[in-house]
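Numbering (my numbering), first residue to last: 1 to 341.
Take a look at the structure:
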């Protein structure tokens, strides 16, 4: 980890020993003493309530102070929040400038992001010059859509190959068994209907590139970026699949009406295909007669619910297993209300 201090090292050791409460106290003391890496880590945790109370204003203050001290991870996190418009006005040029500062400070993630956002065969340049030549306006422009059916749209070029490769690299170390929400148990469980792996992200780890992809998805399907849930990256090996299922929130199941009331209906699903080199792995809608196998960088979105929030049961779909190679795909759920400011 870039920028590890004595205070942060001590906190991480306490985490590993199963004592996150004392780790939190160590981070607080180290932050108060001006330890920038500890300040950044504490800000990350307070931002999302990870092993700490959720205190957004305090988190932003800590991250801002660490960034002013040149701490790379703090600069990169503020860059991501600027790109998202999360807790602040969206500012893509400002986000890219912060990302360049993080890259200059040695943050490997910031360097990787700026590299993948360059045009193919771009000449080497300073991090600030690389940030300046990112075509950020393209990410705020809707991609052309081919309607496969009134509720299903195919996007031939949603993201460039280098961005797809970056998303795979970010997801790979985070993979775990993909889970299914059990409405009776009211928790996520492993289930035979879904045998693939998944990488989950939140606002403490989503980066500028991921928020740019979200921005383009939102523009393409005509929704606000604030309606997007945190994305998942799914990984399928040969034989792994997700059986026929729906993505909408079903009010017939226990506690789902409360979820719709508080968090909205899961109105749209947007997929981004990240790789090629595999056979099988189609996305199929049996009720609609649609079978889609996207190429790297292509997108597919579909509408799960009707205007009155009721479930559209014709949107049954499945992810078939690859018969050769491996498949990587981003799954992005979009609610019908804003999930954040």
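Glycine residues also receive a C-beta, built at the ideal position from the N, C-alpha and C atoms.
Residue 147 is bridged by DSSP to 153.
Here the region 115-122 makes no contact with the region 76-91; the two share fewer than three CB pairs at distances below 8 Å.
In the DSSP assignment, residue 61 falls within the unbroken alpha helix (DSSP H) covering 56-68. For residue 328, the beta-bridge partners assigned by DSSP are 235. Runs of beta strand (DSSP E) with 3 or more residues, each lying fully within the region 205-292, are found at 232-236, 242-245, 266-273, 283-285, 290-292, listed in chain order. Given a length threshold of 4 residues, each whole run of the alpha helix (DSSP H) inside the region 112-138 is given here in chain order: 127-132. For residue 187, the enclosing beta strand (DSSP E) begins and ends at 187-189. Residue nearest to residue 94 within the set 231, 102, 176, 83 is 83 (criterion: CA-CA distance). When the five nearest sequence neighbours on each side are left out, the beta carbons in the same chain lying within less than 6 Å of the beta carbon of residue 194 are those of 178, 180, 242, in order along the chain. In terms of CA proximity to residue 207, 74 leads the group 141, 104, 8, 74.
Around the CB of residue 42, 16 or more other CB atoms lie within 10 Å, so the residue is classed as buried. Just measuring C-alpha positions, the residue of 228, 202, 327, 227 sitting nearest residue 49 is 202. In the displayed model, residue 180 falls within a strand according to three-state DSSP. Here residue 267 is buried: its Cβ has 16 or more other Cβ atoms, across all protein chains shown, within 10 Å.
Inclusion of residue 175 and residue 190 in the CB contact set at 8 Å is not warranted, their separation being larger than that value.
Per DSSP, the continuous alpha helix (DSSP H) segment holding residue 21 begins and ends at 20-32. Taking C-beta atoms under 8 Å as the contact rule, residue 213 and residue 163 qualify, at a distance of about 7 Å. DSSP places residue 196 in the coil class of the three-state scheme, outside both helix and strand.
Contact annotation, residue 53 with residue 46: C-beta distance approximately 7 Å; criterion of less than 8 Å satisfied. A direct Cα-to-Cα measurement between residue 110 and residue 96 gives close to 9 Å. Burial state of residue 44 is buried, judged by a 10 Å Cβ sphere holding 16 or more other Cβ atoms. Residue pairing for residue 322: DSSP places it in a beta bridge opposite 280. Collapsing the DSSP output to three states places residue 296 in coil. Around the Cβ of residue 255, a 10 Å sphere holds fewer than 16 other Cβ atoms; the residue is exposed. In the same chain as residue 244, and ignoring 5 residues on each side of it, the C-beta atoms closer than 6 Å to its own belong to 316, 318, in chain order. Looking at 100, 331, 158, the one whose alpha-carbon comes closest to that of residue 233 is 331.
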